[in-house]
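Report on the structure given below.
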Amino acid sequence: MKRSTVKSGVSQYEMGETVSRNAYIVGVGHCVPDGVITNADLEKIVDTSDEWIVTRTGIRERRKVGEGEASSDLVVKAVENALEMAGMEAGDVQGIIVGTVTPDYPFPSTAALVADRIGMGKIPAYDFEAGCSAFIYGLIQAKAFVESGIMDRIVVAGVDCLTKITNWTDRSSCILFGDGAGAVVISSRGPGGRLGGWHWGADGSLGEHLIQPAGGSRHPASHETVDENLHTIRMDGSRIFKHAVRAMRDSCMKALEIDGTEKKDVDLLISHQANLRIIDATARALELKPEQVYINIQKYGNTSAASIPIALDEALREGIIKESSTVVVAAFGAGLTWGGMILHW
Ligand code: COA
0 MKRSTVKSGV SQYEMGETVS RNAYIVGVGH CVPDGVITNA DLEKIVDTSD EWIVTRTGIR
60 ERRKVGEGEA SSDLVVKAVE NALEMAGMEA GDVQGIIVGT VTPDYPFPST AALVADRIGM
120 GKIPAYDFEA GCSAFIYGLI QAKAFVESGI MDRIVVAGVD CLTKITNWTD RSSCILFGDG
180 AGAVVISSRG PGGRLGGWHW GADGSLGEHL IQPAGGSRHP ASHETVDENL HTIRMDGSRI
240 FKHAVRAMRD SCMKALEIDG TEKKDVDLLI SHQANLRIID ATARALELKP EQVYINIQKY
300 GNTSAASIPI ALDEALREGI IKESSTVVVA AFGAGLTWGG MILHW
């Protein structure tokens, strides 16, 4: 197939000739809110200690949006930063997808609000939900769009403001979560991080172990659901922990196999930042040295869909990811969902 670009920028194909297309990360950006909650702050509201939180999770502080702030406010800044790194204008992008479980509203989508605020024009824009695995799910969707020729340039963002749905009386979960957004610009033209082999999956039979029970069609918002605190996160931490360790390891191994890359050729692991012990277990499975694992959980806690793009952006800007780096990204989350991908710079 032969590609020609029409005025709108959408790729068109003529039959008869084959082109092999790749998808590259050409810009990354992130945004975290200014508000900080330290472990000492949490000691004042639940029966916990800095020592317990650091030992069991690795988290020292996390960010929190203000009263009037919402997910789209963070995404706008993350996307602007990613576009700047890519050297693109908002109007150069042909689509935006946003992974989140905390959209500004059930509808309209956060993606559509962001596209309008940034001036991206009337491009396709939608949200999708895969818990903390959403960013990996987004990369896989973007790869499909770009490699199939549906789009040449697409923004994938991951955002969550989990502090808005945290149960601040539940010490086993409220210590974990923070707010943030991250975004990447994916293009059919490098240079950048080429999206390689991937693996993803979900198991709804485990969904009840990490759930926001009310606010959907099963239990629409009512006085009763609010009184029973059903709009906040319910989590069986130890069950999720065991599943996460297995899912992360399997996702990484399968993505490596599909990519044709060996463990010894991996330069860096950027794992979903949920718990330092889960990251360590994944790093051990990949036989990586400590310096080959990017960790920022101490600063931000678990930012859900945003955790991988935030870490990716920091690792790039700190020069940890270099030309020819092979990076493994992997996540697990509500659904339960999981996914991994190999990125080649
Ligand atoms: N401070 C002090 N003690 C706490 C505590 C806290 N914040 N939270 C729980 N505890 C207590 C428990 O009550 C329990 O006490 P008990 O033995 O007297 O019953 C003890 O610590 C151990 O609890 P447990 O749940 O077994 O701890 P854990 O080692 O599994 O750590 C998590 C708890 C939540 C940190 C851990 O299970 C985890 O990170 N799970 C994954 C969660 C996750 O990633 N969720 C998001 C998915 S994207």
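For what it's worth, numbering that gives the first Met the number 0 labels the leading residue of the sequence shown as 0, then goes sequentially.
Built from N, CA and C at the ideal position, the CB exists for glycine as well.
Quiz item: Exposed or buried, what is Tyr104 when buried is set at 16 or more other beta-carbons lying within 10 Å of its beta-carbon?
Solution: If you number the sequence shown from 1, residue 104 lands on position 105. Exposed: under 16 other Cβ atoms inside 10 Å.
Quiz item: Of the residues Val158, Val184 and Ala22, which one's Cα is nearest the Cα of Glu88?
Solution: Counted from its first residue, the sequence shown places residue 88 at position 89. Checking every option, the nearest Cα to that of Glu88 belongs to Val184.
Quiz item: What's the gap between the Cα of Thr165 and the Cα of Tyr23?
Solution: Taking the first residue of the sequence shown as position 1, residue 165 is located at position 166. Taking the first residue of the sequence shown as position 1, residue 23 is located at position 24. C-alpha separation (whole angstroms): 35 Å.
Practice problem: Taking Thr37 as part of the beta strand (DSSP E), name the residues at either end of that continuous run. | Solution: Start at 1 with the first residue of the sequence shown, and residue 37 comes out as number 38. Start and end: Gly34 to Thr37.
Quiz item: Any idea if Ala333 is buried or exposed, counting beta-carbon neighbours within 10 angstroms, 16 or more meaning buried?
Solution: Against the sequence shown, residue 333 aligns to sequence position 334. With 16 or more other Cβ atoms within 10 Å, it is buried.
Exercise. Locate the beta strand (DSSP E) running through Glu60, then write down its first and last residues.
Key: As a position in the sequence shown, residue 60 is number 61, starting the count at 1. It spans Glu60 to Lys63 - the beta strand (DSSP E) in which Glu60 sits, taken as one unbroken run.
Practice problem: Just the C-alpha distance for Trp337 and Val327, rounded to the nearest angstrom, thanks. | Solution: As a first step, residue 337 must be located in the sequence shown, where it is residue number 338. As a first step, residue 327 must be located in the sequence shown, where it is residue number 328. If you take the alpha carbons of Trp337 and Val327, they lie about 14 Å apart.
Quiz item: At a cut of 8 Å, does the region 131–138 reach the region 63–82 through at least three beta carbon pairs?
Solution: no
Self-check item: Other residues of its chain near Leu315: CB distance less than 7 Å, five sequence neighbours each side excluded
Solution: On the sequence shown, residue 315 is found 316 positions in, with the first residue counted as 1. So the list reads Val27, once near-sequence residues are dropped.
Quiz item: Between Asp258 and the rest of its own chain, which residues show a CB-CB distance below 6 Å, the 5 nearest in sequence each way excluded?
Solution: One-based indexing of the sequence shown puts residue 258 at position 259. Excluding residues within five positions, the ones whose Cβ falls inside 6 Å are Gly195, Gly196 and Ile341.
Quiz item: Can you find a heavy atom of ligand 1 that lies under 7 Å from the Cβ of Ala273?
Solution: Here residue 273 corresponds to residue number 274 of the sequence shown, with the count starting at 1. For ligand 1, at least one heavy atom lies less than 7 Å from the Cβ of Ala273.
Quiz item: Would you call the region 154–169 and the region 283–291 touching, i.e. three or more CB-CB distances under 8 Å?
Solution: no
Self-check item: Sufficient close CB pairs (3 or more, under 8 Å) joining the region 218–225 to the region 301–311
Solution: no
Exercise. Would you decide whether Asp33 is buried or exposed? Buried here means 16 or more other CB atoms lie within 10 Å of its CB.
Key: Residue mapping note: residue 33 aligns to position 34 of the sequence shown, counting from 1. Exposed: under 16 other Cβ atoms inside 10 Å.
Quiz item: So, are the CB atoms of Leu41 and Cys173 less than 8 Å apart?
Solution: Your numbering for residue 41 matches position 42 in the sequence shown. Your numbering for residue 173 matches position 174 in the sequence shown. Result yes, Cβ atoms of Leu41 and Cys173 sit closer than 8 Å.
Quiz item: In three-state terms, what does DSSP make of Ser147?
Solution: Translated into positions along the sequence shown, residue 147 becomes position 148. DSSP places Ser147 in helix when its eight states are reduced to three.
Exercise. Check the C-beta distance from Gly98 over to Met119 and give it rounded, since I have them as a contact under 8 Å.
Key: Against the sequence shown, residue 98 aligns to sequence position 99. Against the sequence shown, residue 119 aligns to sequence position 120. About 17 Å; that fails the 8 Å criterion.
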